[in-house]
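Numbered according to mature numbering (1 follows the signal peptide of the UniProt record, and there is no 0), the sequence shown spans residues -19 to -1, 1 to 212.
Single-structure report; data block below.
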Amino acid sequence: MLLRLFAISLLFCLPCLNAQEDYTRLRESMVNTQLKSRDIHQKATLDAMLKVPRHAFVPDNVKPYAYTDGPLGIGEGQTISQPYIVAFMTQALKLKKESRVLEVGTGSGYQAAVLGEIVDSVFTIEIVEPLGLRAKSTLENLGYSNVVVRIGDGYNGWKEKSPFDAIMVTAGAEEIPGPLLEQLKDGGSMIIPVGPHRGVRQLVLIEKKGDKLKRRNLMAVRFVPFTRAEE
Ligand code: SAH
């Protein structure tokens, strides 16, 4: 009887085991062919990209494409960025374990998880409630207790948790929100796609040194728009 139960459970579990192994292989291949072969070399970023199960953050209908070299729809008209862009933005912030990071635009929660693999504390804000709630439960189920999700308009940042060592905005803004710059620590960095509505934007890296802001355009990108809560 016991043997039969064991055989049956093995039969049912084998496909799951294979699926997990397949995802691990797809993730390894993603890191080798999409990241290392380009300009992603920082160990912490590569390790995080290798570890975070991207397929767990996307809806079932796009899971088979979770590790492909492009963005994916996550519902509510929003997208999860291409793995390379996630890695590029993460690497650009030069994070340390003790960094406190703010993300604006939680979306699926995937980018927040990548940050959460590298630093002690991540605060992330999502304006679309169903997305924020789904991301929160995905992150909880995967054990990311160091990532805190808030539903709301991220334009004003998260004052009570500031200042931040790093800020990442993952929605395309027409201008850089002033409150976010204020909540950045001296010596901190912020990365944000900036440019005209619906157009190609520049991924801008801002470094704060005293009362000076050093601004550099890193590359041209397309992002879903940064929206504002209605007054
Ligand atoms: N980082 C996400 C993808 C971001 S897509 C991931 O890893 O999946 C951009 C997200 O920014 C969308 O979910 C969108 O709803 C959100 N967003 C747009 N404007 C915002 C705002 N003002 N405050 C917070 N979130 C915003």
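C-beta atoms are modelled at their ideal positions from N, C-alpha and C, and glycine is treated no differently.
Annotation for PHE69: the continuous alpha helix (DSSP H) segment containing it runs 64 to 73. As the crow flies, the alpha-carbon of LEU199 is around 30 Å from that of PRO40. The C-beta distance from VAL85 to GLY135 rounds to 3 Å, short enough to fall under 8 Å.
Excluding its 5 nearest sequence neighbours in each direction, LYS32 has C-beta neighbours in its own chain below 7 Å: GLU98, listed in chain order.
Cα atoms of ASN13 and PRO64: separation of roughly 12 Å, rounded to the nearest angstrom. Under the three-pair Cβ rule at 8 Å, the region 67 to 84 does not count as touching the region 120 to 127. For GLY90, the closest alpha carbon among the candidates LYS78, MET70, ARG115 is that of ARG115. At a threshold of 7 Å, VAL85 counts as near ligand 1, since its beta carbon sits closer than that to one of the ligand's heavy atoms. Secondary structure of ASP20 (DSSP, three-state): coil. Distance from the CA of ILE21 to the CA of HIS36, rounded to the nearest whole angstrom, comes to 21 Å. When DSSP assignments are scanned along the region 53 to 137, the uninterrupted stretches of beta strand (DSSP E) that are 3 or more residues long and fall wholly within it turn out to be 53 to 56, 59 to 61, 81 to 85, 102 to 107, 128 to 132. Positions of the alpha helix (DSSP H) runs, each at least 4 residues long and wholly inside the region 148 to 180, are given as 159 to 163 in order along the chain.
Bounds of any beta strand (DSSP E) do not take in GLU141, whose DSSP letter is neither H nor E.
Boundaries of the beta strand (DSSP E) around ALA201: 193 to 202. Under the 10 Å beta carbon count, ALA(-1) is surrounded by fewer than 16 other beta carbons and is classified as exposed. DSSP places VAL185 within a strand segment (E or B) once states are collapsed to three.
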